[in-house]
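Report on one structure; see the data block that follows.
Number of protein chains: 2
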Amino acid sequence: MAAHMHKTRRTPAPTIKTLAEITGYSIATISKALRDSPVVAPVTRDLIFKAAREVGYQANARGMALRTGKSFQAAVLMPVTAARDYEWDGVEYTQVLSGVSQALEGTDYRMSVHVIRDAADGAETARRIVDQGLADGLIFSGILADDPRIDLLVDQHFPFVSMGRCRKDLDYAHVDIDNEWAAHAATARLLAGGHRRIALVNPERRLSYALDRLDGFDRAFREAGIAASTDLVVEGDLSTHFGRQSVIALLQVAEPPTAFVCINESTTLGVLSGLGSLGRQVGVDVDVIAYDDINVSAYFTPPITTFYQPIEVLGRTLGQFLLKRMEGEDPKALRQVFRPTLIERQPDNLGGRLV
Amino acid sequence: MAAHMHKTRRTPAPTIKTLAEITGYSIATISKALRDSPVVAPVTRDLIFKAAREVGYQANARGMALRTGKSFQAAVLMPVTAARDYEWDGVEYTQVLSGVSQALEGTDYRMSVHVIRDAADGAETARRIVDQGLADGLIFSGILADDPRIDLLVDQHFPFVSMGRCRKDLDYAHVDIDNEWAAHAATARLLAGGHRRIALVNPERRLSYALDRLDGFDRAFREAGIAASTDLVVEGDLSTHFGRQSVIALLQVAEPPTAFVCINESTTLGVLSGLGSLGRQVGVDVDVIAYDDINVSAYFTPPITTFYQPIEVLGRTLGQFLLKRMEGEDPKALRQVFRPTLIERQPDNLGGRLV
DNA sequence: AAGAAAAATATAAACGTTTTTATTTTGATA
DNA sequence: TATCAAAATAAAAACGTTTATATTTTTCTT
Chain A
1 MAAHMHKTRR
11 TPAPTIKTLA
21 EITGYSIATI
31 SKALRDSPVV
41 APVTRDLIFK
51 AAREVGYQAN
61 ARGMALRTGK
71 SFQAAVLMPV
81 TAARDYEWDG
91 VEYTQVLSGV
101 SQALEGTDYR
111 MSVHVIRDAA
121 DGAETARRIV
131 DQGLADGLIF
141 SGILADDPRI
151 DLLVDQHFPF
161 VSMGRCRKDL
171 DYAHVDIDNE
181 WAAHAATARL
191 LAGGHRRIAL
201 VNPERRLSYA
211 LDRLDGFDRA
221 FREAGIAAST
231 DLVVEGDLST
241 HFGRQSVIAL
251 LQVAEPPTAF
261 VCINESTTLG
271 VLSGLGSLGR
281 QVGVDVDVIA
291 YDDINVSAYF
301 TPPITTFYQP
311 IEVLGRTLGQ
321 FLLKRMEGED
331 PKALRQVFRP
341 TLIERQPDNL
351 GGRLV
Chain B
1 MAAHMHKTRR
11 TPAPTIKTLA
21 EITGYSIATI
31 SKALRDSPVV
41 APVTRDLIFK
51 AAREVGYQAN
61 ARGMALRTGK
71 SFQAAVLMPV
81 TAARDYEWDG
91 VEYTQVLSGV
101 SQALEGTDYR
111 MSVHVIRDAA
121 DGAETARRIV
131 DQGLADGLIF
141 SGILADDPRI
151 DLLVDQHFPF
161 VSMGRCRKDL
171 DYAHVDIDNE
181 WAAHAATARL
191 LAGGHRRIAL
201 VNPERRLSYA
211 LDRLDGFDRA
221 FREAGIAAST
231 DLVVEGDLST
241 HFGRQSVIAL
251 LQVAEPPTAF
261 VCINESTTLG
271 VLSGLGSLGR
281 QVGVDVDVIA
291 YDDINVSAYF
301 TPPITTFYQP
311 IEVLGRTLGQ
321 FLLKRMEGED
331 PKALRQVFRP
341 TLIERQPDNL
351 GGRLV
């Protein structure tokens with residue numbers, strides 16, 4: 001590193017004013033030129049761009065923000081369940097953030113993350129973001145069957161995209177997983193494998209997708225003409241601890257389940273742990289089908305059948321949709337429901353003993 | 001909800017000017033009063049605060065930002081390894097974000113997250129954050145033995161806190177885990193259990209803490225007067241896939257390891273998966289000691305001995321340190337190295353057969 | 001009670017943009 | 001070549017703060 005290469009370049013960053021001095025045009029013309037306004041002559045536009053490039057001009061986000069009232073922030077509400085003892089939970093959110101961030105790349109928007117502890121906290125945070133103009137758009141998940149955030153944002157015409165759908169008939173941009181379909185497919189597969197007593201490890205019922213999954217579960221039984229084992233549906237947070245406790249409780253009932261349909265990786269790990277400590281072998285004594293969005297099920301011992309949907313893809317779509325929403329696009333056009341792909345790692349008929 | 005309760009309150013948010021009109025003071029006095037300047041009389045200060053409370057005044061972040069040149073953003077660099085197929089990796093980062101966010105709560109700072117794909121990307125992003133003033137402070141991890149980000153930020157006097165220490169003797173705020181100690185303790189425990197051929201599943205060597213762990217590993221052997229099994233040290237990314245492949249490769253060498261020291265949960269899961277598919281039983285054929293920061297090891301089958309340090313605590317400390325750094329506190333005072341706690345879930349002597 | 005010092009408040013400028021309005025320049029028409 | 005419309009550019013105001021400087025009011029001294 002040569003001596004002349006002074007590290008602390010204390011030259012203040014060039015502004016629109018700098019460009020005005022260099023080129024001789026007024027700051028108004030500079031501004032318009034940089035924003036590609038048609039009123040400025042092509043020749044001068046090029047001149048100004050050249051100068052901007054030469055001095056390395058970068059629009060000052062704060063100046064723009066103040067003048068336009070925009071924040072150039074895309075906010076994401078990240079749920080962190082206040083589970084006891086720092087439970088492994090919500091880990092898939094890094095993938096969501098990664099996806100959103102990818103979509104935002106190359107735009108003027110930055111991603112700000114707001115950690116929320118529960119639904120009420122989420123609603124309050126959403127309100128603050130809107131009221132204080134902390135962001136120009138919002139992404140959130142953990143959608144309730146009746147979600148106050150959606151009501152608020154639709155009402156205020158604030159751009160947002162939700163990961164999940166509420167049960168109200170409103171127009172809003174969203175991305176979701178076809179949980180009804182997935183739960184149906186998992187249950188139907190187990191029924192076809194000969195299982196009759198099937199447990200559903202489900203999220204709390206106020207969450208919209210808990211209902212979706214219940215619907216799919218019920219439909220599979222109905223279509224098979226078999227009474228649904230609704231007494232084997234358990235509901236709770238999505239922690240590993242919950243998965244483990246559920247198994248231990250469920251295997252104590254009079255007619256215990258021979259199969260489990262699980263909701264996510266962390267709960268599945270708990271279920272497997274519970275089975276292991278009770279001495280039950282997956283694929284021999286009991287079958288487990290999981291839903292997975294971070295590709296971890298392949299590493300469970302033994303590997304289990306999974307519905308897999310990389311959540312980063314959802315994250316990317318969320319980001320793309322939000323950008324469009326912030327540009328005023330009609331939310332009706334911004335909806336996508338993904339169907340996870342089935343990865344069969346077990347026969348799910350107790351090693352052939354059931355069928 | 002009554003009809004008079006108009007939802008879209010289109011009253012523009014109150015500004016300092018609004019308060020000036022209400023109270024009759026000038027905007028300068030308002031500003032100073034709100035900032036608790038001593039030059040304004042206590043009586044008027046109270047008057048102004050009362051008015052502010054009444055109209056629900058909230059300082060406009062954009063105005064402040066422009067005037068002060070601050071962004072009120074605390075940036076966090078979140079690594080997302082571009083691992084094949086959306087591998088389960090870096091999941092603990094939600095906990096870090098949660099911790100940082102907790103520390104920031106109640107302050108004027110928001111947390112912005114910048115996803116980085118690799119070390120070079122991280123350095124470039126750091127540079128951009130400094131040059132464009134995208135944030136007032138920076139938090140990052142994945143520290144290299146010689147990390148250009150630390151060099152840059154120290155040089156530019158930009159406030160930051162690193163999660164991890166580089167190998168240069170510089171003054172900077174940091175939080176770290178005592179990896180040398182943990183690796184030493186794990187290795188010593190296995191040696192005491194009778195193991196002689198011990199594998200170390202380690203991160204890439206350019207990462208600072210990979211060296212720390214190697215140091216601890218070597219020291220344990222040296223103190224025991226035994227030749228270190230350095231041929232059993234493998235290095236790679238921290239993915240589950242890597243853990244699995246490592247085991248499969250290591251068990252094929254002439255004198256295979258009887259024990260494994262693992263670096264994180266995701267790699268550990270891969271190691272267990274590899275052992276399982278080779279028919280080796282943990283606690284019987286082989287012992288595994290892991291490091292864990294999201295409390296998941298308890299759910300592995302069988303549960304394994306772990307060094308546990310909830311990473312959310314580190315996150316919180318990172319945030320607290322950054323706040324102090326941004327207020328100009330001396331970085332020398334802002335250092336903390338955590339020692340994880342040992343959770344013994346196995347005897348780690350092959351079920352007693354070794355000792 | 002006058003004067004000076006101290007305290008309290010006000011005025012004005014500035015941060016870097018965008019946008020409305022005004023002015024100048026160019027080109028076309030007669 | 002004078003007139004006018006259109007095109008190009010400039011001037012000025014505004015966004016909501018903070019802060020340097022100026023002014024007014026109060027308090028203290030004598």
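These protein sequence lines map, in sequence, to chains A and B. Mapped onto UniProt numbering, the consecutive letters of the first sequence carry residue numbers 1 to 355. Mapped onto UniProt numbering, the consecutive letters of the second sequence carry residue numbers 1 to 355. Built from N, CA and C at the ideal position, the CB exists for glycine as well. Please read all numbers here as calculations on a predicted model, not as lab measurements.
Between residue 104 (chain A) and the rest of its own chain, which residues show a CB-CB distance below 8 Å, the 5 nearest in sequence each way excluded? 74, 110, 111, 319, 323
In chain order, each beta strand (DSSP E) run of at least 3 residues that lies wholly inside the segment 116 to 149 of chain A: 137 to 140
Three-way DSSP call (helix, strand, coil) for residue 331 (chain A) in this model: helix
To be precise: take each residue of the segment 252 to 278 of chain A, compare its Cβ to all Cβ atoms of chain B, and keep it if any distance is under 7 Å. Which residues remain? 269, 270, 272, 273, 276
Can you grab the Cα-Cα spacing for the pair residue 351 (chain A) / residue 283 (chain A), in whole Å? Rounded to whole angstroms, the gap between the alpha carbons of residue 351 (chain A) and residue 283 (chain A) is 6 Å.
Looking at residue 346 (chain A) and residue 292 (chain A), is the spacing between their C-beta atoms short of 8 Å? no
Here's the rule: buried if 16 or more other CB atoms are within 10 angstroms of the residue's CB, otherwise exposed. What is residue 187 (chain B)? buried
Residue 306 (chain A) to residue 224 (chain A) span [Cα, whole Å]: 22 Å
Show which residues of chain A have a CB atom less than 9 Å away from the CB atom of residue 185 (chain B). In chain order: nothing, as chain A lies at least about 21 Å away.
Using 8 Å as the threshold, is the segment 178 to 197 of chain A in touch with the segment 142 to 149 of chain A, meaning 3 or more CB pairs across them? Judged by Cβ distances under 8 Å, the segment 178 to 197 of chain A makes no contact with the segment 142 to 149 of chain A, as fewer than three pairs qualify.
Can you tell me whether residue 37 (chain B) is buried or exposed? The criterion is at least 16 other CB atoms within 10 Å of its CB, across all chains shown. exposed
At a Cβ cut of 7 Å, what residues of the segment 165 to 197 of chain B count as close to chain A, listed as they run along the chain? For the segment 165 to 197 of chain B, which is checked against every Cβ of chain A, not one residue is closer than 7 Å.
Answer with buried or exposed for residue 339 (chain B), where buried requires no fewer than 16 other C-beta atoms within 10 angstroms of its C-beta. exposed
Can you tell me whether residue 226 (chain B) is buried or exposed, with buried defined as 16 or more other CB within 10 angstroms of its CB? Label assigned to residue 226 (chain B): exposed.
With a Cβ-Cβ cutoff of 8 Å, do residue 197 (chain A) and residue 229 (chain A) count as a contact? yes
For a contact defined as C-beta to C-beta under 9 Å, what are the partners of residue 291 (chain A) on chain B? In chain order: nothing, as chain B lies at least about 14 Å away.
In angstroms, rounded to a whole number, what distance separates the CA positions of residue 217 (chain B) and residue 279 (chain B)? Near 27 Å, if we compare the C-alpha coordinates of residue 279 (chain B) and residue 217 (chain B).
Identify, in the order they occur along the chain, each residue of the same chain with its Cβ nearer than 6 Å to the Cβ of residue 78 (chain B), setting aside the five sequence neighbours on each side. 93, 113, 115, listed in sequence order.
Assuming contact is defined by CB atoms lying nearer than 8 Å, are residue 220 (chain A) and residue 250 (chain A) in contact in what I supplied? Taking 8 Å as the cut-off, the Cβ atoms of residue 220 (chain A) and residue 250 (chain A) do not count as close.
Which term fits residue 99 (chain A), buried or exposed, when burial requires 16 or more other beta carbons within 10 angstroms of its beta carbon? Residue 99 (chain A) comes out buried.
Under a CB-based cut-off of 8 Å, is residue 65 (chain B) close to chain A? At a cut-off of 8 Å between beta carbons, residue 65 (chain B) contacts chain A.
By the criterion of Cβ-Cβ separation under 9 Å, what are the contact partners of residue 97 (chain B) in chain A? 78, 80, 93, 94, 97, 113, 115
Buried or exposed: which applies to residue 222 (chain B), given that a residue is buried once 16 or more other Cβ atoms fall within 10 Å of its Cβ? The residue is exposed, with fewer than 16 neighbouring Cβ atoms inside 10 Å.
On the DSSP letters alone, give me the boundaries of the beta strand (DSSP E) that residue 307 (chain A) sits inside. 305 to 308
Near residue 22 (chain A), what residues of its chain come up, given a Cβ to Cβ distance below 6 Å and the 5 sequence neighbours on each side ignored? 51
Counting only the same chain and skipping the five closest in sequence on each side, list residues whose C-beta sits under 7 Å from that of residue 336 (chain A). 175, 317
Assuming residue 343 (chain B) is part of the beta strand (DSSP E), what are its boundary residues? 341 to 343
Going by the DSSP bridge assignment, what does residue 36 (chain B) pair with across the sheet? Per DSSP, none; premise fails for residue 36 (chain B).
7 Å Cβ cut-off: residues of chain A touching residue 58 (chain B): 132
Does the beta carbon of residue 109 (chain A) come closer than 8 Å to any beta carbon on chain B? no
Tell me the rounded alpha-carbon separation between residue 5 (chain B) and residue 66 (chain B). Reliability fails at residue 5 (chain B), whose pLDDT of 36 lies under 50, so the model's placement of it is uncertain and the value that follows must be treated cautiously. Their backbone Cα atoms lie some 35 Å apart in a straight line.
Endpoints, alpha helix (DSSP H) assigned at residue 48 (chain B): From DSSP, the alpha helix (DSSP H) with residue 48 (chain B) extends over 42 to 55.
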